[in-house]
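What follows is a single structure, written as structure tokens, with notes after it.
In the working numbering, the protein residues as written are 2 to 678.
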């Protein structure tokens, strides 16, 4: 029995009235415990997936993260109102994160499409809404946790990473039970996303290894985390994360030579090597963007030329909107405007839809402009400056705090030059920012403990009502939409009804969902045109077309919806010939939105065929060939048009011209040449 309990019992036995301790009535300890547990639960985000969701590896994770974030954030707000000590203390990292968020908000409001910037889509979930939750996560952790709390958070994180690393290695070994995706990556669903997440935990494992001074078994366990994480990164083929992790280790070693070596000469040598390495890395980053050098060439060999095409398109997009960019999540609009027709070719990977440049500098530059890039880089510089000051000037952190939390964000930044963030890596990055922000406030005079401000208790009710609204609006309703999409795409009998319910539930990802519904209906109707009652086809086309036309009004630069409208009206013509005017309208609009994209010319050529206009149909097909002669499909479409109109000699001529461009296409047109011969 504790001393406090024993005294209470003695006072009761003596008949003395017990004076209640006011602190016993305070909700603070209970609320703090919820925040701690909530943070541990947030760290489970990489394990979350739901097969019945639209994008099972992305949407469920993101909604789960935001749900727990909201819970701990509103609890923290209650603490902030009632206890001054939990209010954020200004430091350079808090300032940098706040400035970055302000720029994101301005870029979203002043950008091309606020809805897309705010909500994002289920395939990515990294719009302004996510960043508001990340900011909340930063505020809670940086202003609530103490040193012991941070250690527990890191321990929980690395133990979760053990599960993911182990599953990734078992998947690589061919055990089907641990195969969650055709693209590997364990529960992250992609090797790049897996590498980004594990990179953080490898460094956290290294940090815990060096900070543990008592138990050898724990040191061994933390070292095992490092080895297991690196092994999973390597064997899963996350090349960028592997190279970046090793580079981070190299940086830690150089920092040790520079500041911890006992010999003065070695310290001088270490600093010289550190400076040379920094210059070399910066030079390599610059050369990566400049054609005609070995680094640029080697990168092209390791990936595809589509990366360079995207980078060039992003640069053109930036030059058009240099200050605040096109808005977060709006790269897809710049991409279609400045489309490179060579993307169709195998040399460029044959992937024709991109919503990221796969380079953090250019992604940030094109979507949020120069202000966005400067404030994003400010996150790193503020982190470095805090650690530099705390270690070298104030001597308030040790070498491992200093070196590891400099090397980690450097490694993260380097690997993001070839990949992009999702919720798991963003969560870890913001967690590190929160920890270093905590370090920034170390050594400052602590506020005296003050009691609970009871007059603010009524604020709890107000906060709870706000929480219910935001949780429903930003978590429950999007989750409902996420699960309904799959039902809509897989239920052949009630798909239109599910279309309607899905789009009514939440605006999150609405543009992509509408386009997917249009694609689904187009595929089903084309495959079963003669077996579906015409009235039913008309009803379905009316609905999906009306939804896509909403997209066109709400986001006039959205090329994919306009292209899909052209396709759908081309089907509608078979039922109602008067729709040919609308097919022509949207076909011409598609070409205007993306003049170098062959798909617009192909779609409008189909409309011209229905109009019986051979000359215009062939002219459109030939324009597509001119955009990129090396793409076989364009030649085949031109030949099909010629065949439809019975132009036999022209058909042979077109086939011969195609073979001149690429002799390997001889087999494709062999029958045509024989028939015409």
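Glycine included, each C-beta is placed from N, C-alpha and C at the ideal position.
**Message:** Going by DSSP, what residue range makes up the alpha helix (DSSP H) through residue 166?
**Reply:** 148–173
**Prompt:** Should the segment 132–150 be regarded as contacting the segment 515–528, the criterion being three or more beta carbon pairs within less than 8 Å?
**Reply:** no
**Prompt:** residue 127: which of 69, 81, 579, 62 sits nearest, CA to CA?
**Reply:** 62
**Prompt:** Could you check where the alpha helix (DSSP H) with residue 390 kicks off and where it finishes?
**Reply:** Note, residue 390: premise wrong, no alpha helix (DSSP H); not H, not E.
**Prompt:** Within 10 angstroms of its Cβ, does residue 399 collect 16 or more other Cβ (buried), or is it exposed?
**Reply:** exposed
**Message:** Here's the rule: buried if 16 or more other CB atoms are within 10 angstroms of the residue's CB, otherwise exposed. What is residue 622?
**Reply:** buried
**Request:** Less than 8 Å between the CB atoms is what I'm expecting for residue 326 and residue 358, so what's the real figure, rounded?
**Result:** In fact, because the Cβ distance is near 12 Å, the residues do not count as touching under 8 Å.
**Prompt:** Just checking, does the segment 341–348 make contact with the segment 618–635 on the three C-beta pairs under 8 Å criterion?
**Reply:** yes
**Request:** Report the rounded CA-to-CA distance for residue 612 versus residue 542, giving the unit in angstroms.
**Result:** 20 Å
**Message:** Quick check on the burial criterion: 16 or more other C-beta atoms within 10 angstroms. Buried or exposed for residue 4?
**Reply:** Because the pLDDT of residue 4 is 49, which lies under 50, any placement of that residue in the model is unreliable, and the number read from its coordinates should be weighed accordingly. Looking at its Cβ environment, which holds fewer than 16 other Cβ atoms inside 10 Å, residue 4 is exposed.
**residue 120, buried or exposed, once every other Cβ within 10 Å from all chains shown has been counted against 16** = buried
**Asked** Considering only residues of the same chain and omitting the five flanking positions on each side of residue 213, which have a CB-CB separation below 6 Å?
**Response** 219, 220
**Prompt:** Ends of the alpha helix (DSSP H) at residue 215?
**Reply:** Looking at the DSSP string, residue 215 is not in any alpha helix (DSSP H), and its letter there is neither H nor E.
**Asked** With distances taken between CB atoms, is the gap from residue 231 to residue 203 smaller than 8 Å?
**Response** yes
**Request:** Have a look at residue 51 and residue 294 and give me their C-alpha separation to the nearest angstrom.
**Result:** 45 Å
**Message:** Quick check on the burial criterion: 16 or more other C-beta atoms within 10 angstroms. Buried or exposed for residue 22?
**Reply:** Legend: pLDDT at residue 22 = 48, less than 50; position of this residue unreliable, value from coordinates given subsequently. Classification of residue 22: exposed, given that the 10 Å Cβ count is below 16.
**Asked** Does the Cβ of residue 719 have 16 or more other Cβ atoms within 10 Å, making it buried, or fewer, making it exposed?
**Response** The requested residue 719 does not occur in the structure, where the chain is confined to residues 2 to 678.
**Asked** How should residue 531 be labelled, buried or exposed, when 16 other C-beta atoms within 10 angstroms of its C-beta is the threshold for buried?
**Response** exposed
**Prompt:** In chain order, what residues of the same chain have a beta carbon less than 8 Å from the beta carbon of residue 236, not counting five sequence neighbours either side?
**Reply:** 169, 170, 173
**Item:** Short Cβ contact (8 Å threshold) for residue 427 with residue 94
**Value:** no
**Asked** Under 7 Å from any heavy atom of the ligand ADP, does the C-beta of residue 513 make it?
**Response** No copy of the ligand ADP appears in this structure; indeed no ligand is present at all.
**Item:** Cβ-Cβ separation, residue 36 to residue 77 (assumed contact under 8 Å), whole Å
**Value:** 6 Å
**Prompt:** Does the beta-carbon distance from residue 539 to residue 576 come in below 8 Å?
**Reply:** yes
**CB of residue 549 within 8 Å of CB of residue 535, strictly** = no
**Request:** May I have the straight-line CA-CA distance separating residue 504 from residue 558, to the nearest angstrom?
**Result:** 21 Å
**Asked** For residue 635, which option in 471, 655, 182, 647 has the closest C-alpha, if you only look at C-alpha atoms?
**Response** 655
**Asked** Leaving out five residues before and five after residue 238 in sequence, what residues of the same chain have Cβ atoms less than 6 Å from its Cβ?
**Response** 192
**residue 126, DSSP secondary structure in three states** = coil
**Prompt:** What is the C-beta distance between residue 129 and residue 116, in whole angstroms, given that I count them as a contact (C-beta under 8 Å)?
**Reply:** Wrong, their Cβ atoms sit about 10 Å apart, outside the cutoff.
**Asked** How would you label residue 491, buried or exposed, when you count the other beta carbons within 10 angstroms and need 16 or more for buried?
**Response** exposed
**Request:** Let me know the secondary structure DSSP gives residue 665 once reduced to three states.
**Result:** helix
**Prompt:** Within 10 angstroms of its Cβ, does residue 665 collect 16 or more other Cβ (buried), or is it exposed?
**Reply:** exposed
**Nearest candidate by alpha-carbon position, reference residue 83, set 28, 74, 261, 227** = 28
**Request:** For residue 584, I'd like the list of residues in its chain whose CB is within less than 7 Å of its CB, leaving aside the five on either flank, ordered along the chain.
**Result:** 567, 570, 571, 574, 608
**Item:** As assigned by DSSP and simplified to three states, the class of residue 632
**Value:** coil
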